[in-house]
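Asker: Oh and the sequence shown: position 174 is 174 in the numbering used here, straight run, nothing missing.
Have a look at this one.
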Amino acid sequence: MRYSIFSTIVVVIISQFFPLFAQNQTIMDFLKLDIDPVAVGRGGTATSDGEGFNSVFYNPANIDQFKTWDLSYGHRSFPSPAILPDLNYFTVGGVYRFNEKNIVGLYWRKFGFGEFVTTDFMGNIVKRGTAKDFAIGIIYGRKLSSSLTGGLTFKYLRSDMVWAVANGWAIDVGVKWSNLLPNTTLNFPGEGIRKLNFFKPETETKGLNIGCALLNAGPHVHYLSPDQKDPIPQRIRLGIAYHVITSSLLQVQTLFDFEKELVYRPGIYADEFYKAWFTAWKGKTLKEATYHFGVDIRLAYIFNFRWGYQYQPFEDYFNSNVTTIGFGINLKYVSFQYGTWLDRNNLAPLYMDSVVFSVSAGNIVF
1 MRYSIFSTIV
11 VVIISQFFPL
21 FAQNQTIMDF
31 LKLDIDPVAV
41 GRGGTATSDG
51 EGFNSVFYNP
61 ANIDQFKTWD
71 LSYGHRSFPS
81 PAILPDLNYF
91 TVGGVYRFNE
101 KNIVGLYWRK
111 FGFGEFVTTD
121 FMGNIVKRGT
131 AKDFAIGIIY
141 GRKLSSSLTG
151 GLTFKYLRSD
161 MVWAVANGWA
171 IDVGVKWSNL
181 LPNTTLNFPG
191 EGIRKLNFFK
201 PETETKGLNI
211 GCALLNAGPH
221 VHYLSPDQKD
231 PIPQRIRLGI
241 AYHVITSSLL
251 QVQTLFDFEK
261 ELVYRPGIYA
271 DEFYKAWFTA
281 WKGKTLKEAT
291 YHFGVDIRLA
301 YIFNFRWGYQ
311 YQPFEDYFNS
321 NVTTIGFGIN
331 LKYVSFQYGT
341 WLDRNNLAPL
351 YMDSVVFSVS
361 AGNIVF
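Shown next as structure tokens:
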């Protein structure tokens, strides 16, 4: 569908005020729009225990979950408002493990607004093209010890509004401790059923997982003038996951994530991203954060049922209390995941009737 310059301006405005925004204005906010159905179903929790490729968007250390290789496609659908019916958001990516300690990955993450046509005051076409934001990321993960994994992502960012373009870069860095206090996990009857063990994940953890990640750390970007640059949505995430029960028949885990946007704009200009690591904690730190809670139940290694809750005390109008659900089907080499938001009366328009799904394949040894 084609749009005029007026619609393009509307897109730019909307892109600055996506749901889940914090107290500061940022640019390229698609970077904080969920595209991982597993995390969505668990209320946005994935920092300490991710499942599937898209969990690297919450903590790059999650890349260590793959033992050979994996390819993934993720898609998020939106309702079709009359003004912007062509919204689309998807990601494709893959990983490859070189050896026991080193693994790399690559992804393309795109948020599209549709085709736009800019015109002059006489109605003559000046330029046409597809308005979009996207990121290309290269991920490196390394096992630092038997329980500690680190991950690093470097990504190129681009926002193309047809009439103006912004380019930038950012990094994600994260660590994850796994299998802490493994004896605290309950082992239920059914452990070691041979037929079910065929579907057992390559990596299975017990006890506690703890994760920490700094996301989207990079310089401000601008469309037209360097004097009008804006920060990207830099965030810090802290997470903990506890595996309550494990067996071939039933696995249960509970998860919690703390998320805060590290952006500080006391006036017209925002602090540089490295200064915001410290200045963004000014004010009501705990109120200006997002709290994620999740429960993930897996039956016979194959079927996942998820529930989540997200609380944002800084939101006064919508998205302050959100419930999510999700499910997954996990076969030996292929998986399908689905997640969505409930509380339709408590959601911003871009979250109503929005669903996320992904399909992946991997672990085949040739």
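From the three backbone atoms N, C-alpha and C, an ideal C-beta is built for every residue, glycine too.
1) Do Pro37 and Gly326 come within 8 Å of each other at the CB atom, strictly closer than that value?
2) Determine the closest residue to Asn62 out of Gly150, Asn167, Lys132 and Lys155, with distance taken between C-alpha atoms.
3) So, with DSSP's three-state summary, where would you put Trp277?
4) What do you get for Thr205, buried or exposed, if any count of 16 or more other CB atoms within 10 angstroms of its CB means buried?
5) Check whether the region 241-251 touches the region 272-283, counting contact only when three or more Cβ pairs, one atom from each stretch, lie closer than 8 Å.
6) At the level of alpha carbons, what is the spacing between Arg142 and Gly52?
7) Looking at the structure shown, is Phe53 part of a helix, part of a strand, or coil, going by DSSP?
8) Determine the direct distance from the alpha carbon of Ala348 to that of Ser320, and round the result to whole angstroms.
9) May I have the straight-line CA-CA distance separating Thr285 from Arg128, to the nearest angstrom?
10) Please work out which residues of its chain come closer than 7 Å, Cβ to Cβ, to Thr184, disregarding the five sequence neighbours upstream and downstream, and give them in chain order.
11) Just checking my contact of Thr254 with Val295 at CB under 8 Å: how many whole Å lie between their CB atoms?
12) Assuming Gly41 is part of the alpha helix (DSSP H), what are its boundary residues?
13) Since Lys176 contacts Gly211 with CB under 8 Å, what's their CB separation in whole angstroms?
14) Name the one or two DSSP bridge partners that Asp257 has.
15) Excluding the 5 residues flanking Tyr156 on each side, which residues of the same chain have their C-beta closer than 6 Å to its C-beta?
16) Just mark Leu331 as buried or exposed, buried being the case when its beta carbon has 16 or more other beta carbons within 10 Å.
17) Would you kindly report the start and end of the unbroken beta strand (DSSP E) that includes Val263?
18) Suppose you measure from the CA of Val56 to the CA of Asp257; what does that come to, to the nearest Å?
19) Leaving out five residues before and five after Gly112 in sequence, what residues of the same chain have Cβ atoms less than 6 Å from its Cβ?
20) At what residues does the beta strand (DSSP E) containing Asn167 begin and finish?
21) Tell me which residues share the same chain as Tyr73 and place their Cβ nearer than 6 Å to its Cβ, disregarding the 5 neighbours each side in the sequence.
22) Would you kindly report the start and end of the unbroken beta strand (DSSP E) that includes Leu208?
23) Among Tyr333, Met352, Phe336 and Ser335, which one has its Cα closest to the Cα of Leu342?
24) Between Leu215, Leu224 and Arg298, which lies nearest to Phe154 when the distance is taken from Cα to Cα?
25) Start and end of the beta strand (DSSP E) containing Gly93?
26) Closer than 6 Å by C-beta to Leu224: which residues in its own chain qualify, once you throw out the five before and the five after it? Chain order, please.
27) Mind reading off the beta-carbon distance from Arg158 to Phe134? Whole number of angstroms is fine, and I expect it under 8 Å.
28) Please report the straight-line C-alpha distance between Pro201 and Thr279, rounded to a whole angstrom.
29) Whose CA, out of Ile329, Ser48 and Phe98, lies closest to the CA of Trp69?
30) Of the residues Tyr309, Ala213 and His292, which one's Cα is nearest the Cα of Leu262?
31) So for Asp29, helix, strand or coil by DSSP?
32) Within 10 angstroms of the Cβ of Gln310, are there 16 or more other Cβ atoms? Answer buried if so, exposed if not.
33) With DSSP as the reference, label Ile232 as helix, strand or coil.
34) From the DSSP output, in three-state form, read off Asn346 for me.
35) Among residues of its own chain, excluding the 5 on either side of Ile297, which ones have a beta-carbon nearer than 6 Å to its beta-carbon?
Answerer: A quick look at the data gives this:
1) yes
2) Gly150
3) helix
4) buried
5) no
6) 17 Å
7) helix
8) 10 Å
9) 43 Å
10) Gly207
11) 6 Å
12) Pro37 to Gly41
13) 4 Å
14) Gly239 and His292
15) Ile136 and Trp169
16) exposed
17) That residue, Val263, is in no beta strand (DSSP E); it is neither H nor E in DSSP.
18) 15 Å
19) Asn88 and Lys132
20) Val165 to Leu180
21) Val92 and Val359
22) Gly207 to Ala217
23) Met352
24) Leu215
25) Asn88 to Arg97
26) Ala164
27) 6 Å
28) 42 Å
29) Phe98
30) Ala213
31) helix
32) buried
33) coil
34) helix
35) Val252 and Phe305
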